[in-house]
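Working notes for the structure below.
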Amino acid sequence: MRFNLLLAAVIAFVVLAAGSVILPDWAMFLFAMALAKGLVCLGIVGMMRGGVVSFGQGLYYCLGAYTATLVANNLGVSDIFLLTLLSSAVCLLVGMAFGPLLSSYRGIFFAMLSLALSMVLYGSLSKMSFIGGTDGLNIAAPTFLGWAPEGRPLQMALYIYVVAIVVIAGVLMRIYFDSERGLLTLATRDNELRVEYLGASVRNVMTYNYVFGAVLGGIGGTIAALALGHVDPEFAFWTTSGEFVFVAILAGSLSVPSVFVAAIILELVRSFSNLYFPNTWQLALGIFLLAVIVVLPKGLGSLVSRRKGSPA
Amino acid sequence: MNKAVLEVRDLQKTFGAVTAAQDISVTVPEGAVYSLIGSNGAGKTTFVNMVTGYIKPDSGLINFGNRNIAGMAPRQITRLGIHRSFQIAQLCAELTVEENMLVADAIHGHPGPSFLRRAHNAEARERALATLERFHIAEHRDRLVPELSGGVKKLLDIAMAMAGETQIMMLDEPTSGVAADEKFPIMDLVMDALRSAGVTVIFVEHDMDIVTRYSERVLAFYDGRIIADDAPGEVLSDPEVQRYVTGAPA
Ligand SMILES: Nc1ncnc2c1ncn2[C@@H]1O[C@H](COP(=O)(O)OP(=O)(O)OP(=O)(O)O)[C@@H](O)[C@H]1O
Ligand SMILES: [Mg+2]
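As you go down the protein sequences, you meet chains A and B in turn. Using this note's numbering, read the first sequence as starting at 1 and increasing by one per residue. Using this note's numbering, read the second sequence as starting at 313 and increasing by one per residue.
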């Protein structure tokens, strides 16, 4: 029944995982970071389908990263699965606390409120010198169910781990987007009055999308922290959140893989233009985004999606 | 007369200086077809909005199924079985006709919309198609809402409102925005569907031919009050109604 999806997932995993053999170290790191951030962006895409954009996903990216780091440093947990599980649980709880509040806001109010929450975290972490303040904290290399690789094998393991998570999250979100609940989200963006008068709760729809975004943000942050070996309050800074929104808009909400493609494009553009035009790369990025919005208003995904008429 | 399905007592509603509802009391028996008439701004939509939860009355009771639903949220009232259509059809413009129907179907499915089940699953599509066929709009199923004619939009709006267990259907001007020659065919379709489902109907209408033909009883609104509540013939020959509502002797 879901044969095509399963096939696509297997192909995506094999192709991406092949990178662990082919890619040089620097590229593998870049891809791992891009995929981790892509998870955060996938959460934003989920909200965009309901008509709202969070400008504060750095909140969960940072929360996930710090949770993993603090647990690793203070409780001696190094297992990557356990760290991911714990930080996504924390983000789930925080998302469930803020979700109902944010779910009654739309448009610029939703964006600003989510941004404000992330900046509160940024400000607080910057002031907390006992956890590193603005310098942040280091986190040791993770272990994988007792296995403690080093050097290239560690990078490979981490990369394959993020690929696996990306494929699983991608499949789950695709299933959700195609589901009855997913259609309800599209209907909500279109006409909230109609949805309420059919007997469904618009707030409930919005809350779920927010909470899923929180969990994805937390997972992305955990992996990014482990890949970098370091976390700092910049994870929650508005420019970080802005990049996530950039990727989400670049990708559009039509296709899940395009989110990760967009995230990889951003990382590539960033590292190359940093190299060649160190001070103007944001300009290059801005022009690129402008071009996409003009040429492909529904994002990169519209190049591959069968649904032209409406967002899927 | 059947037992009452809806009992409205002394509803009041003001918007600033405007009195949109004043001492509104009505008893609607199960299975009846009521129409609401009145000039622009008389308070018809306000009445529908209060019964369906969009507007909370300042005071008064709305008894439905042994409970007072005044002030409940629209979705709770919908869940209890009072469904509505809108003066301006409320549809999802970026979805196809079929998908609009699937949304309605998913919300009313058991045990509620699923995170896993495909929205376009075969059974749901079959049910959606059956409903669209019943309203003679199946041929438009793959079209987007902005491409539809006024009549098709109205029918889709009503078809969506029919999803789930409907006990009372409130139709706010089902034939407004519909071409003149489509009005009667559309009313025939809608009333057949509603009657065969045993639904109590309350519809707002400006066209007196439609009022006479389809309703058993008429409520005439003027200035937020009900000035007549009787069979169509009686109401339309009432001098006060002729003066304030129909504007001419019937
Ligand atoms: N939400 C609102 N806020 C302020 N005034 C309102 C509101 N809704 C209705 N009114 C006012 O209440 C009065 C009754 O309006 P209502 O929409 O019920 O009239 P109606 O009988 O449905 O008229 P029409 O035939 O034009 O649809 C009008 O004077 C209207 O301006
Ligand atoms: Mg009206």
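Glycine included, C-beta positions come from ideal geometry on N, C-alpha and C. None of these values were measured; they are calculated from a predicted model.
{"Query": "Reduced DSSP category for TYR346 (chain B) - H, G, I as helix; E, B as strand; rest coil", "Result": "strand"}
{"Query": "heavy atom of ligand 1 below 6 Å from VAL330 (chain B) C-beta", "Result": "yes"}
{"Query": "Within 7 Å, strictly: CB atoms of PHE533 (chain B) and LYS356 (chain B)", "Result": "yes"}
{"Query": "Inside the stretch 56–107 of chain A only - alpha helix (DSSP H) runs reaching at least 4 residues", "Result": "58–75, 80–102"}
{"Query": "VAL14 (chain A): first and last residue of the uninterrupted alpha helix (DSSP H) it sits in", "Result": "3–22"}
{"Query": "Beta bridge counterpart(s) of SER371 (chain B) as assigned by DSSP", "Result": "B:GLN324"}
{"Query": "Contact test: THR357 (chain B) Cβ vs ligand 2 heavy atom, cutoff 6 Å", "Result": "yes"}
{"Query": "Where ARG411 (chain B) falls, given that 16 or more other Cβ within 10 Å makes a residue buried", "Result": "The displayed chain sequence assigns Glu, not Arg, to residue 411 (chain B). Label assigned to GLU411 (chain B): buried."}
{"Query": "Buried versus exposed, by CB contacts within 10 Å (16 or more), LYS308 (chain A)", "Result": "Note on LYS308 (chain A): pLDDT 46, under 50, position unreliable in the model; no value is reported."}
{"Query": "Element boundaries [alpha helix (DSSP H), containing ASP297 (chain B)]", "Result": "In the structure displayed, chain B extends from 313 to 562; residue 297 (chain B) sits before or after that span and is not available."}
{"Query": "GLN155 (chain A) burial status per 10 Å Cβ neighbour count (16 or more: buried)", "Result": "buried"}
{"Query": "Closer than 6 Å: GLN402 (chain B) CB and nearest ligand 2 heavy atom", "Result": "no"}
{"Query": "Cβ pair ILE349 (chain B), VAL523 (chain B) closer than 7 Å", "Result": "yes"}
{"Query": "VAL120 (chain A) versus GLY213 (chain A) - alpha carbon distance", "Result": "18 Å"}
{"Query": "ILE336 (chain B): first and last residue of the uninterrupted beta strand (DSSP E) it sits in", "Result": "330–341"}
{"Query": "Straight-line Cα distance separating ILE265 (chain A) from ILE131 (chain A)", "Result": "33 Å"}
{"Query": "The stretch 102–113 of chain A / the stretch 206–221 of chain A touching (three or more Cβ pairs under 8 Å)", "Result": "yes"}
{"Query": "ALA291 (chain A) classed as buried or exposed, judged by whether at least 16 other C-beta atoms fall within 10 angstroms", "Result": "exposed"}
{"Query": "Distance between VAL45 (chain A) and ILE168 (chain A) (C-alpha atoms, nearest Å)", "Result": "16 Å"}
{"Query": "Inter-stretch contact (C-beta, 8 Å, three-pair minimum) for the stretch 441–454 of chain B and the stretch 494–510 of chain B", "Result": "yes"}
{"Query": "Chain B contact for ASP190 (chain A) (CB, 7 Å cutoff)", "Result": "yes"}
{"Query": "Reduced DSSP secondary structure (H/G/I, E/B, other) of SER118 (chain A)", "Result": "helix"}
{"Query": "Members of the stretch 408–424 of chain B that neighbour chain A once the beta carbon cut-off is set at 9 Å", "Result": "THR408, GLU411, ASN412, LEU414, VAL415, ALA416, ASP417, ALA418, ILE419, HIS420, GLY421, GLY424"}
{"Query": "Amino acids of chain B, ordered along the chain, whose beta-carbon sits closer than 7 Å to that of ARG181 (chain A)", "Result": "PRO425, SER426, PHE427"}
{"Query": "Three-state class that DSSP yields for VAL409 (chain B) in the structure shown", "Result": "helix"}
{"Query": "Pair within 7 Å by beta-carbon distance, GLY218 (chain A) and SER88 (chain A)", "Result": "yes"}
{"Query": "Where the stretch 378–401 of chain B meets chain A: residues whose CB sits under 7 Å from a CB there", "Result": "PRO386, ARG387, THR390, ARG391, ARG396"}
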